[in-house]
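Protein chains in written order, with this note's numbering: chain A, 182 to 294; chain S, 172 to 285.
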């Protein structure tokens, strides 16, 4: 079946530290991969996405590369800010399976000044 | 433009009561999805509409859960005879078409069953 596994949180970093949140997946078809972010008190927002192998999604200084050989889509940012504190969700959808998103369990990030 | 809206934002129900949760998608969006998010977990798919047609309801946890979108716009998720395990945040999302298009999420309805 289809599933997503993320590293467990919470992750606590100091401002300007390097961030990596690991995400691996299994899929029966050919997936698109997504990172969604949920800021405190707000709804889920798309952060970035990649639709085919070796694509790199990027937004707001965050990047993730679709690695088919390792079935991974790790999220990285070179220098985090306090405002990046949120819960991050990795997700996939498989072509011709209706577009439903399969989410990981989420990773809470807390950035301290 | 306006995003996805959901109402009510919070709902407290006594066990056994019926509840109805409303979703107003972004105007013109063909696809509409419902997800259930338990505390500390990622959202889980419940059901999917393309216009008024419910194409996938494989995620509905029991026959107490029912969703409709009669005119291809507003959708209602109904839960009959609520149980404590139904307590969760119910998220609605819409997208222009389907399959790998970006889904835009509403703020969710937080349901607490006592």
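For every residue, glycine included, the Cβ atom is placed at its ideal position computed from N, Cα and C. Since the model is a prediction, treat every value here as computed from it, not as a measurement.
I believe residue i touches residue j by the beta-carbon criterion, under 8 Å. Please report the beta-carbon distance rounded to the nearest angstrom.
i                     : j                     : result
residue 264 (chain S) : residue 206 (chain S) : 7 Å
residue 283 (chain S) : residue 192 (chain S) : In fact, because the Cβ distance is near 13 Å, the residues do not count as touching under 8 Å.
residue 266 (chain A) : residue 290 (chain A) : 6 Å
residue 241 (chain S) : residue 177 (chain S) : Not a contact, Cβ separation roughly 18 Å.
Take residue i as the anchor and find which of the options has the nearest alpha-carbon.
i                     : options                    : result
residue 198 (chain A) : A:242, A:259, A:208, A:184 : A:259
residue 256 (chain A) : A:228, A:282, A:277, A:212 : A:228
residue 214 (chain A) : A:223, A:230, A:202, A:205 : A:230
residue 198 (chain S) : S:246, S:224, S:235, S:254 : S:246
residue 225 (chain S) : S:239, S:214, S:234, S:233 : S:239
residue 250 (chain A) : A:235, A:226, A:240        : A:235
residue 183 (chain A) : S:215, S:174, S:179        : S:215
residue 196 (chain S) : S:219, S:186, S:257        : S:219
residue 209 (chain A) : A:278, A:292, A:221        : A:278
What is the DSSP secondary structure of residue i, counted as helix, strand or coil?
i                     : result
residue 227 (chain S) : strand
residue 265 (chain A) : helix
residue 256 (chain S) : helix
residue 292 (chain A) : strand
residue 244 (chain S) : coil
residue 209 (chain A) : coil
residue 284 (chain A) : strand
residue 199 (chain A) : coil
residue 249 (chain A) : coil
residue 218 (chain A) : strand
residue 160 (chain S) : A query on residue 160 (chain S) cannot be resolved here, the shown segment of chain S reaching from 172 to 285 and no further.
residue 240 (chain A) : strand
residue 285 (chain S) : coil
residue 233 (chain A) : coil
Can you pull the chain A neighbours of residue i, defined as C-beta to C-beta under 9 Å?
i                     : result
residue 266 (chain S) : 280
residue 219 (chain S) : 279, 280, 281
residue 280 (chain S) : What residue 280 (chain S) touches in chain A: nothing, since even the nearest Cβ is about 11 Å away.
Which residues in chain S have a C-beta closer than 8 Å to the C-beta of residue i? List them in chain order.
i                     : result
residue 256 (chain A) : Correct list: empty, because the minimum Cβ distance to chain S is about 14 Å.
residue 287 (chain A) : 211, 212, 213
Taking C-beta pairs closer than 9 Å, name the residues in chain S that residue i reaches, listed in chain order.
i                     : result
residue 270 (chain A) : 213, 214
residue 194 (chain A) : Going along chain S, no residue has its Cβ under 9 Å from residue 194 (chain A), so there is no contact; the nearest lies around 20 Å.
residue 284 (chain A) : 206, 208, 212, 213, 214, 215, 216
Can the beta-carbon of residue i be found closer than 7 Å to that of residue j?
i                     : j                     : result
residue 271 (chain A) : residue 280 (chain A) : no
residue 276 (chain S) : residue 262 (chain S) : yes
residue 268 (chain A) : residue 242 (chain A) : no
residue 244 (chain S) : residue 221 (chain S) : no
residue 252 (chain A) : residue 206 (chain A) : yes
residue 210 (chain S) : residue 231 (chain S) : no
residue 194 (chain A) : residue 275 (chain A) : no
residue 218 (chain A) : residue 273 (chain A) : no
residue 188 (chain S) : residue 259 (chain S) : no
residue 235 (chain S) : residue 251 (chain S) : yes
At a CB-CB cut-off below 8 Å, which residues of chain A make contact with residue i?
i                     : result
residue 246 (chain S) : Those do not exist, as residue 246 (chain S) stays about 15 Å from chain A at its closest Cβ, beyond 8 Å.
residue 286 (chain S) : Since the displayed chain S opens at 172 and closes at 285, residue 286 (chain S) lies outside it and no answer follows.
residue 242 (chain S) : Chain A residues near residue 242 (chain S): none, gap ~21 Å exceeds 8 Å.
Which residues of chain A have a Cβ atom closer than 7 Å to the Cβ of residue i, listed in chain order?
i                     : result
residue 276 (chain S) : 224, 225
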